[in-house]
Every structure is written in structure tokens, then in C-alpha cells.
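To start, the structure itself, in C-alpha cells.
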Amino acid sequence: MSTKKSALGKGLSALLENAGTDITSNSLAAQGAAVAGGVSTIPLEQIETNPFQPRTHFEEQALEELSESIKVHGIIQPVTVRKMGYDKYQLISGERRFRASQMAGLTAIPAYVRVANDQTMLEMALVENIQRENLDAVEIAISYKRLIDECGLTQEQLSEKVSKQRSTITNYLRLLRLPAEIQRGIREKSITMGHARALINIDNPKAQLDLYKRVITDDLSVREIELLARGEKSPSHHRAEHTNLRGDLHVTYADKLKSLSKQYNGKVELKSNEQGRGKLIIPFENEEALERILDALDI
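For the sequence shown, this note's numbering gives the first residue as 14, with consecutive numbering after it.
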């Protein structure tokens, strides 16, 4: 089995050709040799940034806070580098820590030294980028697309590599078909990914933008966008219907329940009382089906 396939599903560490390899020795004989060792302390001046780093913006305030933390506690998690030559290294991951260390006035930092070729470098940087907690949906989508386009991965391989359902990856990739203004709105958190997925179902880019502007000005919910996208009713009508809700909900929503049952391949049940309170029961057959339901509900 190839190295590439055996690394699937194991995250960033699986992309390291040999996690136990230390090639920090300055001797020419050790340049390509695998010598057992741990974390090495490397002068900052000998480290260059990763040209494959997908992250281009680093918040100044966050860097300053990390820098202050490093002054007090030092580097808790070593960066990862690859050896480029005599006293020369290139970052694989940890550019925030690298920059903050420079700001803190450090002259050297702890680092894992690994062997990696250019494609592996790109994969490592992209996978690490995806695993960051504060990443927005568009950044994730771009990283997924680069892993597919530039690293030659299929969606199936990618889903294993990042431990996500294939349907989840597909939903992220679809975001890149939206107009640039809407993608910017997602990045700035003007709308949620749930709003964005509802807008994707509109074929006309102009109609997408018109509805996007209404989301901003009228504070529309995801459900209201879906209704408008299908041309069923206006948001005001939708709100009024729920405000004046009385009687048998099964009759009122019979068509929608039938549509949901088809969509999820099972009987969707609505249980309610005369006051309109109740619960909606959606069955699922497996984890992938559950993932689709949760995605649709923006959970």
C-alpha cells in the first residue's frame, strides 16, 4: 500500500513521513539520515515560513496576546519544520507561534524536525489549517478544494483524511459557487452556513444576491430563505402563520410532512396539542443520514 493511502484518516501526524526522525544534525552525512531524537531547539533566524501556508491573515491582537503568553510561559507546543540544508529549516506548521515568538523577543524555539516533500508540505499545511477552531466556512471550503485540486485527492480520500462525512465536504465545496459578496458575508459572519446553503439552492446569482441583501436588512431566518427560494410565501406571511397558529398541525403541514418523509426516506411524524406545542420526529438509517439531517438543520 502506498504511503499516501496508509496516511488517510490519521490527521496531520499521519502526513509526516517518519514521526521519529530527527535530521537536525549539521553534518553532511546526517542530512538525509534518520537519527532517533526528540524536540530540538532551533534559532529563529534559521527558520523560514512555509510557502504553502494557506492562511494569509493573522490577527494582530491575537498575535500580541499569544506573544505575551509566550513571554510568561514559553512555547508549550513546538512548531514543526523540515530541514532544507545546513542550518536552514522551513516551517511545516505553527506559523502563529513562530510570529508570536519573534514578537516576544525569543531567539530560538522548540521544534519537531521532519522529512517532507513539497506535496506533503502542502497537505500538512492545509490539514492543519482545517483543524483550527476559529476557521470560517469559506476558508474550510477553499482548503478542501486545494486538497482535491492540488494534492490529487478524491472526495472519499479527503473525507477519510479530515475525518468528515463526504456529504459535509460536498456542502462546504458548494459554498464556493456562491457570488463573492456572499462568500465575504460568510467570512465576516454576516450570515451563517445554514443561510448560505439555502441560498445555494437558488440557480440565479442575481437572485442569490438580492435575497442575501434581504437576509442582512430583514434579519431573515434560514427557514424564511428556504420558503422565499421556493417562492412559497413571504417572511411576513410566514411569521403571521406561526403567530396565529391554531388547530390541527397535521392538516396544515401535511404536504410538508410528506415532502420531508420523501427527503429522509422514512415516515416523519408530527405530534402536537391544541396549543400548537409538540415535536417533530425524523428517522434516520445510519450516521451519514443523521449527518445530512443535522447539516440541513444547521447544527
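For every residue, glycine included, the Cβ atom is placed at its ideal position computed from N, Cα and C.
Comparing C-alpha positions only, which one of the options sits nearest to residue i?
i    : options                   : result
Q103 : V85, I83, H86 and E58     : E58
P56  : Y99, E73 and R243         : Y99
L307 : G118, D232, E73 and S180  : S180
V126 : Q74, I105 and L135        : I105
A154 : N147, R187, K174 and L293 : R187
A121 : C164, K177, I83 and E77   : I83
H86  : T93, L119, F71 and P296   : L119
C164 : K226, L76 and T133        : T133
E194 : D216, K202 and L222       : L222
What residue range does the beta strand (DSSP E) around residue i cover?
i    : result
V92  : V92 to G98
S203 : S203 -> no beta strand (DSSP E), and no H or E assigned at all.
L293 : G291 to I294
I55  : S53 to P56
Using 10 angstroms around the beta-carbon of residue i, count the other beta-carbons present and answer buried if the total reaches 16, otherwise exposed.
i    : result
E300 : exposed
E298 : exposed
F111 : buried
R95  : buried
M137 : buried
S80  : buried
Q44  : For Q44, the predicted model reports a pLDDT of 38, less than 50, meaning its position is unreliable; a value from the coordinates is still stated below. It counts as exposed.
G107 : buried
T62  : exposed
S114 : buried
N184 : buried
G244 : exposed
E141 : buried
I89  : exposed
Q74  : exposed
T54  : exposed
Return the first residue and the last residue of the alpha helix (DSSP H) that residue i is part of.
i    : result
I83  : E73 to H86
Q103 : No alpha helix (DSSP H) contains Q103, which is instead part of the beta strand (DSSP E) from K101 to S106.
R190 : Note, R190: premise wrong, no alpha helix (DSSP H); not H, not E.
Q221 : P218 to D231
E298 : That residue, E298, is in no alpha helix (DSSP H); it is neither H nor E in DSSP.
L119 : Here L119 belongs to no alpha helix (DSSP H), and DSSP marks it neither H nor E.
I89  : Note, I89: premise wrong, no alpha helix (DSSP H); not H, not E.
I238 : V235 to A242
Could you name the residues of the same chain whose beta carbon sits closer than 8 Å to that of residue i, not counting the 5 residues immediately before and after it, in chain order?
i    : result
E239 : A211 and N214
I182 : Y157, Q168, L171, S172 and V175
L189 : V151, A154, I155, K158 and Q196
F71  : E108, R109 and R112
K280 : S274 and P296
L135 : F65, R159, E163 and C164
K202 : D149
A242 : A211, L212, N214, I215 and L224
Kindly list the residues whose CB is nearer than 6 Å to the CB of residue i, restricted to its own chain and excluding five residues on each side of it in sequence; keep chain order.
i    : result
P11  : Because residue 11 is not part of the residues shown, which for the chain are 14 to 312, the question remains open.
R200 : D149 and V151
M116 : S80
I294 : E282
M206 : A150
K219 : none
G198 : I204
L166 : L160
Sorted by chain position, which residues of the same chain lie with C-beta nearer than 7 Å to residue i's C-beta, five sequence neighbours on each side aside?
i    : result
A234 : Correcting the residue identity first, residue 234 is Ser in this sequence and not Ala. Cβ within range, chain order: n/a, list empty.
V228 : I204, H208 and I238
K101 : Q59
L139 : P67, S156, R159 and L160
E304 : Q178, S180 and T181
I143 : I153, S156 and V175
L270 : V281 and L283
L191 : A209, L212, I213 and Q221
At a Cβ threshold of 8 Å, is residue i touching chain B?
i    : result
A117 : In summary, chain B is missing from the structure at hand, where a single protein chain is found.
Considering only residues of the region 127-179, which uninterrupted alpha helix (DSSP H) runs meet the minimum length of 4 residues and lie entirely inside it, listed in chain order?
Counting whole runs of 4 or more residues, the region 127-179 contains the alpha helix (DSSP H) stretches 131-143, 150-164 and 168-174.
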